[in-house]
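Taking it in order: structure first as C-alpha cells, then the write-up.
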Amino acid sequence: MIKIEEKSLSFDSAVVHAGFKKKDQFGSHVAPIYQTSTFVFEDVDEGAKAFAGEGSVHIYSRLGNPTVEQLEHAICELETFGMPDANEFEGVVFGSGMGAISTSLISFGGQGHIIAQDALYGCTSQFLFEQAPAMGITTSFIDMCDLFMLEMELKKNPTTKLVYLESIANPTMSVCDIEAISELAHEHGALVMVDNTFATPYHFQPLVLGADIIAHSTTKYLGGHGMVIGGALVLKKELSETAHLHTFRKNLGGVAGPMDAWLLIQGIKTLSIRMEKHAENGMKVARYLESHPKVKQVWYPGLESHPQHHLAESIMRNGYGGVITFDLSGGFEAGKKLMNGVKLCTLAVSLGNVDTLIQHPASMTHSVMDPELRLKSGITDGLVRLAVGIEDAQDIIADLEQALQF
Ligand SMILES: Cc1ncc(COP(=O)(O)O)c(C=O)c1O
1 MIKIEEKSLS FDSAVVHAGF KKKDQFGSHV APIYQTSTFV FEDVDEGAKA
51 FAGEGSVHIY SRLGNPTVEQ LEHAICELET FGMPDANEFE GVVFGSGMGA
101 ISTSLISFGG QGHIIAQDAL YGCTSQFLFE QAPAMGITTS FIDMCDLFML
151 EMELKKNPTT KLVYLESIAN PTMSVCDIEA ISELAHEHGA LVMVDNTFAT
201 PYHFQPLVLG ADIIAHSTTK YLGGHGMVIG GALVLKKELS ETAHLHTFRK
251 NLGGVAGPMD AWLLIQGIKT LSIRMEKHAE NGMKVARYLE SHPKVKQVWY
301 PGLESHPQHH LAESIMRNGY GGVITFDLSG GFEAGKKLMN GVKLCTLAVS
351 LGNVDTLIQH PASMTHSVMD PELRLKSGIT DGLVRLAVGI EDAQDIIADL
401 EQALQF
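Just so we're aligned, residue 1 is where the sequence shown starts under the numbering used here, counting upward by one.
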C-alpha cells in the first residue's frame with residue numbers, strides 16, 4: 001500500500017498498485033480474500049438499513065463482496081488512467097467475459113437496435129444473432145471501419161441504442177476509428193461499447209477517445225495466467241444507474257467469486273511487463289510468419305501490411321498485443337498440419353496466457369457464428385489464430401518453423 005498521490009504515477013506503476021487502497025484491520029500487505037457468501041448484521045436495524053441502500057455494510061456476495069470490489073477499482077483505474085473525470089467511472093465485475101457482455105447488451109440494448117461489428121468474438125455474435133431478438137433487441141452487423149456504412153445504418157435505425165465493436169477484432173484483427181465512431185454514434189443518440197480484451201488498457205484506452213462502455217474478458221490478458229474465467233465493464237456511474245446495470249447483474253446472477261477476483265487482482269499487477277513482452281514477441285513472430293513461403297497472409301496491427309496499420313499506430317501505445325492471425329497457402333489442410341505439429345505452442349482456445357496458444361477460429365471459437373456472416377466478415381476456413389506468449393520469441397519461431405516442415 002502506497003502513500004503517494006496516485007495521479008503522479010506512470011501507468012506501469014499504477015498497474016502494480018491498482019485497487020488495494022485501505023489497510024485492513026490486520027495490516028495485510030496483499031489484498032485479503034473475503035471468501036464468504038453472506039455477511040453478519042449487528043442487529044435487525046442494520047440489516048434493514050443495508051437492504052434500504054443505507055449504510056456501508058455488505059449483505060450477500062451476489063450483491064457485493066469486498067474482494068470483488070477491489071478488482072472493480074483496479075480495472076476502472078487502468079481503463080480511466082489519466083482521465084480528468086476518472087472518478088465519475090466505475091468497474092463492474094462478472095463471472096465471465098460473456099456475463100459482462102450479455103448483461104450490458106440486455107441492460108443497454110433492450111427494446112432497441114444495436115449496430116455491431118461484423119467480425120466479433122463468436123459467442124458475442126451468437127448472442128446478438130440468436131438470443132437477443134427474444135429480448136426485443138435487433139442487430140445489424142456491418143464493417144465498422146466503414147464510417148459511411150455506419151452513418152447509413154444509424155440513419156436507417158433511429159432506435160439504435162448501442163454501437164458495439166472490439167478495439168482489435170477477434171480474430172480478423174481489424175482496428176476501427178473509435179473516435180470517429182463515437183462522434184457519429186453520439187450525434188444519433190447512441191452509446192458506444194468497446195470490447196478491449198485484445199488491446200488491454202496497456203496499449204489502448206477507448207474511453208479517452210469517446211467510447212462509453214468498456215468490456216473485458218478478464219480471462220485473457222488481465223488475468224494473464226489462464227487460471228480464471230472472468231469479465232468486467234467500465235463505464236460512468238451515471239450510465240450504469242440509468243440502465244439499472246447492478247440490478248441486472250444481481251438478478252441475472254453472473255457475478256464473480258472472491259477467489260477468482262483475488263487471482264485477477266494478483267494477475268493485473270504484472271500486466272505491463274507481460275504486455276511489453278507479448279507485444280515484442282507478437283511483432284517478431286508476425287514478421288517471421290510474413291516472410292515464410294508457406295504463409296499467404298498475416299494480420300497483425302503492427303505490420304505495415306495491416307489494412308489499418310497507420311490508425312493503429314496513432315491510437316495504440318507500446319505495441320499491438322500478442323494475437324496474430326494468418327492464412328497458409330495450403331488453406332485449412334495446411335493449417336491443420338501446423339496445429340497438429342507444434343510442440344511448444346499449445347493447441348487450445350483462449351489467449352492472453354503467459355504461454356503460446358494456437359487454434360482454428362472457424363471450427364473452434366467462431367464455429368457458433370452464423371456461417372454466412374463468419375465468411376463475409378473475413379473469418380475464412382483457412383485462418384489460424386496464434387496467441388503469442390512471453391516465452392523467448394526465438395523458441396516460438398523455432399517451434400513454428402519445425403511444424404511448418406510439411
Ligand atoms: C474478445 C473476446 N471477448 C469476450 C470473450 C468472452 O470471454 P469469456 O470467455 O471470459 O466469457 C472472449 C473469449 O474468448 C473474447 O476473445
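All residues carry an ideal CB built from backbone N, CA and C; glycine is no exception. Predicted, not measured: the structure shown is a model, and the values here were computed from it.
| Check | Outcome |
| --- | --- |
| Test item: CB-CB of Gly335 and Val384 under 8 Å | yes |
| Arg317 classed as buried or exposed, judged by whether at least 16 other C-beta atoms fall within 10 angstroms | exposed |
| Nearest candidate by alpha-carbon position, reference Ser272, set Gly210, Ala18 and Leu150 | Ala18 |
| Residues that DSSP places opposite Phe141 in a beta bridge | Ala116 |
| Top-ranked residue by Cα proximity to Glu372, from Asp118, Leu105 and Ala14 | Asp118 |
| Phe141: CB within 7 Å of a non-hydrogen atom of ligand 1 | no |
| Nearest candidate by alpha-carbon position, reference Asp395, set Gly282, Asp381, Ile181 and Met364 | Gly282 |
| Neighbourhood of Met227 by C-beta distance below 6 Å, restricted to the same chain and skipping five residues each side | Leu263 |
| The stretch 63-81 touching the stretch 26-35, judged by at least three CB pairs closer than 8 Å | yes |
| Residue closest to His203, alpha-carbon to alpha-carbon, out of Pro133, Gly319, Gly378 and Ala211 | Gly319 |
| Nearest to Leu357 (by Cα), restricted to the options Ala387, Gly341, Met339 and His366 | Ala387 |
| Cross-strand partners of Ala132 (DSSP beta bridge) | Answer is none; Ala132 lacks a bridge partner. |
| Three-state secondary structure assigned by DSSP to Met83 | coil |
| Heavy atom of ligand 1 within 7 Å of Glu166 beta-carbon | yes |
| Pair within 8 Å by beta-carbon distance, Asp327 and Lys294 | no |
| Three-state secondary structure (DSSP) of Ser367 | coil |
| Enclosing beta strand (DSSP E) for Ser217 [first to last residue] | Ile213 to Ser217 |
| Chain-order list of residues whose beta-carbon lies under 6 Å from that of Ala50 (same chain, five-residue window excluded) | Val57 and Ile59 |
| For Gln359, three-class secondary structure by DSSP | strand |
| Selection from Asp392, Lys161, Cys76 and Gly99 that minimises the alpha carbon distance to Asp355 | Asp392 |
| Where the alpha helix (DSSP H) containing Asp260 begins and where it ends | Pro258 to Ile268 |
| Cβ shell of Glu179 (< 7 Å), same chain only, five flanking positions each side left out | Leu209 and Gly210 |
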